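Residue numbering for the sequence shown follows my numbering, starting at 6 and increasing by one per position. Each residue gets a CB set at the ideal place from its N, CA and C atoms; glycine is no exception. It should be emphasised that the depicted structure is a prediction, and the values quoted were computed from it without experimental measurement. Encoded as structure tokens, the structure appears first; notes follow it.
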Amino acid sequence: MNTSRSRGRTPRTLRAAALAVLLTTGAFTPSASADSARTETPVGTSGGVTETVVRVKAPLPASFGSRPAACDWLSYLRYRSSSGPVSSADADRVLVAQPGILEGAGAFDSVARNTVTRAAEQGRHIEFWALDRRSNCLEDRTGIASGDQHSAVDYYYRGKQVQGRTFAGFVGNDKLGWMAKLGIEQTVRDEYDLLAAELPDQGARKDKVLCGGHSLGGVITGYFAAADFDGDPATTADAGHNQCAGYFALDTTVSTSLGDLSGSIPDDTNLPDVGLGYGVVQAGLDSGLLPRSLSAPVLLNPETMTLLAIAGVGALQDPGGEADLPSYLPANTNIEATNRFLFSKDTATFLTGSPAVKDFRLTNEAILGSLMDDQSVPLAFLQSSVGFFDGGPVTDKNFPVANGSSSQPGLFGTEYKAIPAEPHGPLYTWRNYDRVGDPDDPGYRSSDGTPFTAAGKEVTDIQELARSMAGQPLDFTEQYFPTKLVTDLELATSPQVKRLVVHPDGLTANPTLTVLAGDGLLAGRVPADLHPVVADGYQHLDVLTAAPVQNNGRPEPVSTALTEFARTPR
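Written out as structure tokens, the structure is:
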């Protein structure tokens, strides 16, 4: 039995209630006035980890044009040991993490907590800073922060007020003109400006800051390491590699190439053809003829990505309660197409829309699991390993690709997909990661006899995932990802981008920790000379979301590796 894996953990209903209280009682009180250059707002303290959200004023150049006032600020989630120093400058180490594509600071919640906790157990006090990209300033978390799923749906989709505020709507391309210039140059400049503001002593930064990221964040870290920030290559105190004592890469590599991240950008996004050349693409972004934020018609757009957080609200609010979210959502083409894509067992079901997700009885946790688990969602870069369906029979999900197909593209991952089999039937519940393989586990199998999952492949607690998605003041996802950030990186050999790599030796100037998801996007494709730490059974998101204790009874390997890396003598 796996009973030992749950010892010492707060019951999930109590955790959900506590988070709901935190989100609805105005607990986010700034520690500085709104007109100051910096605010730090308490989020909460639990398990010996204190979390705050920090905002630092860093206005964009006038050349960016008009933008919301909130977009002249940089934000990050700061995690530190509650028993450690209050000042970041006094911490033993500071880990600074860049998010991946379509990803926000909230996605780092579990790995940040696990790493800070692990270090404190060893007598060291480190901090973990989960960065938000500047474009996250456009997101409105009011409905999510209500802690009530119906209120959130009403706020974002029906124009109803929450706490006296009305949602202004999802932002269209015509309002994103300032993002036409928000590429790799400004992104690494933002990281430098934030570090310089928070840790003014360059010597201290070089001594204790570890720079890294997840997925696309590894490439951004590569450009940061090679950058020069004062315009004079001969003076190197400002060089990116001299702001860091080392680098870390989470299911990515520290590089200046997108080549390692094939499968992280779906083919059906609105990404423009970079074969047009840098000048033509930039002119299209400036004029608005090209989309200034990355999206796709299914799931990956502001309206549907908001659904992920709303599903998280339900999983926190009433984990085992029967979900009414599918029927409570408004009927529109965008949501309908997403539901069909995610919940169709085959092409015929997708085309007819029958049976629909609202025809199945699912708990709120099962809804979230359906949206994020690697045995359900057919997009590899969104997959985590949070358990499996329970409570009724399941069947193969052979859409958009067939289970077991040898030609299955990397975008969809390699795990067999499943879906509930009986509409209008039993209440489908969710078997959390640490109950897979228990004596009462039905041991579901695919039609060809292949087990859908096993204990060694389940690593993320669904309640921790829900907390990351719905219990954070900064989003798990990035609703308005700058198109220019991707086109810049795809045009890395153009003179306009190539000039940013001022110190190419910066990529190898410091020690690097590479941690890979064993079943993630880079599985089997990273050179052995990088000596990667491999987290067996992990998917792309699991390196951020995995629970502190795994099904083998051992500590979570990503945070363990980060903690050990942070111990490296300075």
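In the DSSP assignment, what are the bridge partners of residue i?
i      : result
PHE486 : LEU299
TRP183 : In DSSP, TRP183 forms no bridge with anything.
VAL538 : VAL520
ARG170 : VAL167
ARG146 : According to DSSP, which records beta bridges pairwise, ARG146 is partnered with nothing at all.
PRO560 : VAL554
Starting from residue i, follow the alpha helix (DSSP H) in both directions and report where the run begins and ends.
i      : result
GLN287 : 283-292
ALA522 : That residue, ALA522, is in no alpha helix (DSSP H); its beta strand (DSSP E) goes 517-522.
ALA371 : 369-377
GLN501 : 500-503
ASP159 : 154-162
THR55  : Run containing THR55: none in the alpha helix (DSSP H); it sits in the beta strand (DSSP E), 54-62.
In or out: residue i buried (at least 16 other Cβ within 10 Å) or exposed?
i      : result
ASN306 : buried
LYS463 : First, the amino acid is wrong: residue 463 is Glu here, not Lys. Classification for GLU463: buried.
LYS503 : exposed
SER473 : buried
GLN103 : buried
LEU27  : Reliability fails at LEU27, whose pLDDT of 38 lies under 50, so the model's placement of it is uncertain and the value that follows must be treated cautiously. Flag for LEU27 reads buried.
ALA566 : buried
ARG138 : buried
ASN557 : exposed
GLN380 : buried
ARG163 : exposed
ALA522 : buried
GLU45  : exposed
Using three-state DSSP, classify residue i as helix, strand or coil.
i      : result
ALA135 : strand
CYS216 : strand
SER68  : helix
PRO331 : helix
ILE270 : coil
GLN103 : strand
GLU108 : strand
TYR438 : helix
PHE2   : Residue 2 lies beyond the stretch modelled for the chain, which goes from 6 to 575, so this question has no answer here.
GLY251 : strand
TYR433 : strand
ARG472 : helix
ALA460 : helix
ARG366 : strand
ARG572 : coil
ARG194 : helix
ARG345 : helix
ARG12  : Annotation note: pLDDT 33 at ARG12 (below 50); position unreliable, no value reported.
How many Å lie between residue i and residue j at the Cα?
i      : j      : result
HIS155 : GLN248 : 45 Å
PHE133 : GLY236 : 29 Å
ILE149 : GLY177 : 21 Å
GLN207 : GLY152 : 41 Å
THR419 : SER262 : 24 Å
ALA471 : ILE372 : 11 Å
LEU387 : GLU56  : 25 Å
LEU347 : GLN127 : 43 Å
ARG129 : ILE315 : 37 Å
LEU376 : ASP401 : 16 Å
ALA571 : PRO296 : 40 Å
GLN555 : GLY358 : 38 Å
ARG60  : ALA353 : 49 Å
ALA2   : ASP179 : In the structure as shown, the chain starts at 6 and stops at 575, and residue 2 therefore has no counterpart that could be examined.
PHE5   : PRO64  : Here the chain has residues from 6 to 575 only, and residue 5 is not among them.
ALA361 : ALA551 : 31 Å
TRP78  : LYS62  : 4 Å
TYR433 : ASN344 : 17 Å
GLY217 : ASP395 : 38 Å
LYS422 : GLU341 : 20 Å
THR226 : VAL121 : 21 Å
TRP183 : ARG440 : 48 Å
PHE172 : VAL91  : 36 Å
Would you kindly report the start and end of the unbroken beta strand (DSSP E) that includes residue i?
i      : result
SER80  : 78-86
PRO205 : From DSSP, PRO205 is part of no beta strand (DSSP E); its letter is neither H nor E.
VAL318 : Note, VAL318: premise wrong, no beta strand (DSSP E); alpha helix (DSSP H) at 307-322.
GLU45  : 43-51
ASP446 : Neither: ASP446 is in no beta strand (DSSP E) and is coded neither H nor E.
LEU527 : Unbroken run through LEU527: none, as it is neither H nor E.
ALA125 : No beta strand (DSSP E) holds ALA125; the alpha helix (DSSP H) holding it covers 114-126.
VAL399 : 399-401
PRO425 : 423-425
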